[in-house]
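> Take -17 as the starting number for the sequence shown in our numbering and just add one per residue. C-beta: ideal position from N, C-alpha, C; glycine also. Take a look at the following structure, please.
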Amino acid sequence: MKAIPYLLIAVRFVLAPIILSLAYFKEKNSSVLILSLMYLGLLTDIFDGIIARKVGVSSEKLRRLDSQTDLIFWLSLGFSSYFLNPELIKNEWQGIVLIFVMEAFCYVVSIWKFGKETCTHAFLSKMWGLSLLIAFTYLIGFQQTGWALNLAVILGFISHIDVILIILLLPKWQYDVPSSYHAWKIRKGKIHKKSIFFN
């Protein structure tokens, strides 16, 4: 049982190149297959944390591995969207570049301050993940952007601002911080790590 969270993370990691291959070579029914794998990946992301807490193996190592695998997984879907619908992506390049810049900035700030990557798993980041799920469903499944992509860009910008504030407010690096408000309370000594762990 203790190995299951790691296996679920590994499944998500393996799905990334499969998704990319399906999109790049444009296999028959590739869009349906990619969307199916995307939702499978989402399920592994939900249950790896639940099972890890249940069997008592949730740790910094596991959470960092989960966070970096998430990045690879969502990037594979982003590039797959481009392979399948390049013109749609090109038409929305400003918002997409903004998100890439914000993501990179989060890493730069965290590494500059703490010497390691960010791993907050914040609430707004989870909301952004759900908006990405909707946006990729529209992009890959229906070849549409519109409100779904706009929502993902807006939530992505807001969630990255929250992560940057978390990093700047925390007195020392830690994982699983729900929001910048919680980071402020930690800084003031009003709450401790154990009381905010919720992922």
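Along the alpha helix (DSSP H) that carries residue 26, what are the first and last residues, could you check?
12 to 37
> Is residue -17 helix, strand or coil by DSSP?
coil
> Note down the Cα distance separating residue 11 from residue 2, rounded to an integer number of angstroms.
14 Å
> Spatial neighbours of residue 123 within its chain, please: CB distance less than 7 Å, with the 5 preceding and 5 following residues excluded, ordered by chain position.
Counting only Cβ-Cβ distances below 7 Å, and skipping sequence neighbours, we find 13, 17.
> Is residue 157 helix, strand or coil when you go by DSSP?
coil
> Please tell me whether residue 23 and residue 55 are closer than 8 Å, where the distance is taken between their beta carbons.
yes
> Which value, in whole angstroms, describes the spacing of the CA atoms of residue 148 and residue 102?
So the alpha carbons of these two residues sit roughly 8 Å apart.
> Assign residue 73 to one of two classes, buried (16 or more other C-beta atoms within 10 Å of its C-beta) or exposed (fewer than that).
Exposed, by the Cβ-count rule.
> Buried or exposed for residue 165, please, with buried defined as at least 16 other CB atoms from any protein chain shown within 10 angstroms of its CB.
buried
> What is the rounded straight-line gap between the Cα of residue 120 and the Cα of residue 81?
18 Å
> Does DSSP put residue 98 in a helix, in a strand, or in coil?
coil
> Tell me which same chain residues have a C-beta within less than 6 Å of the C-beta of residue 40, skipping the five on either side of it?
34
> Report buried or exposed for residue 117, applying the criterion of at least 16 other Cβ atoms within 10 angstroms of its Cβ.
buried
> Quick one, are the C-beta atoms of residue 135 and residue 100 less than 8 Å apart?
no
> Which stretch, first to last residue, makes up the alpha helix (DSSP H) that contains residue 58?
Judged by DSSP secondary structure, residue 58 falls within the alpha helix (DSSP H) whose first and last residues are 42 to 66.
> Taking Cβ to Cβ, would you say residue 62 is nearer than 8 Å to residue 5?
yes
> Nearest-angstrom Cα distance between residue 27 and residue -7?
10 Å
> Buried or exposed: residue 138, going by 16 or more other Cβ atoms within 10 Å of its Cβ?
buried
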